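The block underneath contains the structure these notes are about, expressed in structure tokens.
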Amino acid sequence: VNKYYDLVTSFYEFGWGESFHFAPRWKGESLRESIKRHEHFLALQLGLKSGQKVLDVGCGIGGPLREIAQFSSTSVTGLNNNEYQITRGKELNRFAGVDKTCNFVKADFMKMPFPDNSFDAVYAIEATCHAPDAAEIEIGDGLPDIRSTRKCLEALKQAGFEVIWEKDLAPDSPLPWYLPLDTSHFSLSSFRLTSVGRFVTRNMVKALEFVGLAPKGSQRVQDFLEKAAEGLAAGGRKEIFTPMYFFLARKPQHG
1 VNKYYDLVTS
11 FYEFGWGESF
21 HFAPRWKGES
31 LRESIKRHEH
41 FLALQLGLKS
51 GQKVLDVGCG
61 IGGPLREIAQ
71 FSSTSVTGLN
81 NNEYQITRGK
91 ELNRFAGVDK
101 TCNFVKADFM
111 KMPFPDNSFD
121 AVYAIEATCH
131 APDAAEIEIG
141 DGLPDIRSTR
151 KCLEALKQAG
161 FEVIWEKDLA
171 PDSPLPWYLP
181 LDTSHFSLSS
191 FRLTSVGRFV
201 TRNMVKALEF
211 VGLAPKGSQR
221 VQDFLEKAAE
231 GLAAGGRKEI
241 FTPMYFFLAR
251 KPQHG
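Residue numbers for the sequence shown follow UniProt numbering, so the first one is 1 and each next one is one higher.
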């Protein structure tokens, strides 16, 4: 998984932007606008207040981290096990002017290196994907395993969390979350994700790899990503896969 993300991070940023996730989307709203609105929604659901310390679990290159920090005037720490993404995230933090209040920690989120009660709030956006059966998605998105939303909810309760509310946000979205991946949909604002845009990118990557300007294996990574896009869109249309499952849970209070 780590090696995979070394290779695909630049592809993700080129095609999707700094925030590697989907979002509910209104008609007339661009992909970028919907992603920002979703990140604001998460900040509001967490009830973030100025000066609080927040943890982003599986933060990628920190797009949501920066947006949420600026929106809520909080200090956000990004947890990531990939050195390449952390290096890129720190660079983008400096560009955004949040490098004094936001940082990154390299670690496995299953073995977090923080003392108890280090943060006021914690969030994760598609850091772990869940679906009953979606082999193409697993391969293309570098996922070792994916599970159902029911199992996710059961795990939360077994761990002792109080689940305040949970819901798949996909059915209420006026536009389907997988629309940017639908090759029958054309959009100038998301041209790189259209069938024409993918064709241009595919051939550009092939040429760059041939002359040695792109790392060896770049074309294979591009193929993986296109396979993932096909699997995601198919899973979304069949309603067997959703990246839009949301839950808000509270750590139990002792004493």
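Backbone N, C-alpha and C fix where the C-beta goes; we use that ideal spot for every residue, glycine too.
Please read all numbers here as calculations on a predicted model, not as lab measurements.
- Task: Consult DSSP for tyrosine 245 and reduce its assignment to one of helix, strand or coil.
- Result: Within the sequence shown, the letter at position 245 stands for residue 245. In the structure shown, tyrosine 245 sits in a strand (DSSP, three-state: E or B).
* Asked: Residue range of the alpha helix (DSSP H) that asparagine 93 falls in?
  -> Stepping through the sequence shown from its first residue, residue 93 is reached at position 93. Going by DSSP, asparagine 93 is part of the alpha helix (DSSP H) stretching over 83–96.
- Task: For phenylalanine 119, I'd like the list of residues in its chain whose CB is within less than 7 Å of its CB, leaving aside the five on either flank, ordered along the chain.
- Result: Reading the sequence shown from its first residue, position 119 is the one you call residue 119. So the qualifying residues of the chain are Lys53, Val54 and Leu55.
Worksheet item: If you drop the 5 nearest sequence neighbours on each side, which residues of the same chain put their C-beta closer than 7 Å to that of glutamine 45?
Response: Locating residue 45 in the sequence shown gives position 45, counting from the first residue. Correct list, in chain order: Leu248.
message: For glutamate 122, count the other beta carbons within 10 Å of its own beta carbon; 16 or more makes it buried, fewer makes it exposed. Which is it?
response: Looking up residue 122 in the sequence shown gives position 122. In the sequence on display, residue 122 carries valine and not glutamate. Under this definition valine 122 is a buried residue.
Straight-line Cα distance separating aspartate 168 from phenylalanine 246: Counting from one through the sequence shown, the residue named residue 246 turns up at place 246. Counting from one through the sequence shown, the residue named residue 168 turns up at place 168. Cα-Cα distance, rounded: 6 Å.
Alpha-carbon spacing of isoleucine 139 relative to glutamate 226, whole angstroms | Here residue 139 refers to the residue found at position 139 when the sequence shown is read from its first residue. Here residue 226 refers to the residue found at position 226 when the sequence shown is read from its first residue. Residue confidence for isoleucine 139 is low, a pLDDT of 45 falling below 50, so the modelled location carries little weight; the figure read from the coordinates is stated next. Each residue's Cα considered, the two are about 11 Å apart.
Spatial neighbours of alanine 23 in its chain, beta-carbon cut-off 6 Å, leaving aside the 5 residues before and after:
Taking the first residue of the sequence shown as position 1, residue 23 is located at position 23. So the qualifying residues of the chain are Ser34, Ile35 and His38.
- prompt: How many whole angstroms separate the CB atoms of glycine 89 and glycine 97, which I take to be in contact at a CB cut-off of 8 Å?
  reply: Residue numbering aside, residue 89 sits at position 89 when the sequence shown is read from its first letter. Residue numbering aside, residue 97 sits at position 97 when the sequence shown is read from its first letter. At roughly 14 Å, the Cβ-Cβ gap does not stay under 8 Å, so glycine 89 and glycine 97 are not in contact.
Problem - Collapsed DSSP secondary structure at leucine 143 in the structure displayed - result: By 1-based counting over the sequence shown, the position of residue 143 is 143. Confidence is the limiting factor: at leucine 143 the pLDDT is only 48, short of 50, which leaves the residue's position unreliable and the question unanswerable from this model.
- Query: Do you know offhand how far asparagine 203's Cα is from methionine 110's?
  - Reply: Indexing the sequence shown from 1 puts residue 203 at position 203. Indexing the sequence shown from 1 puts residue 110 at position 110. Whole-angstrom Cα-Cα distance: 39 Å.
Coarse secondary structure for valine 211, derived from DSSP in three states
By one-based count along the sequence shown, residue 211 stands at place 211. Valine 211 falls in the coil class under three-state DSSP.
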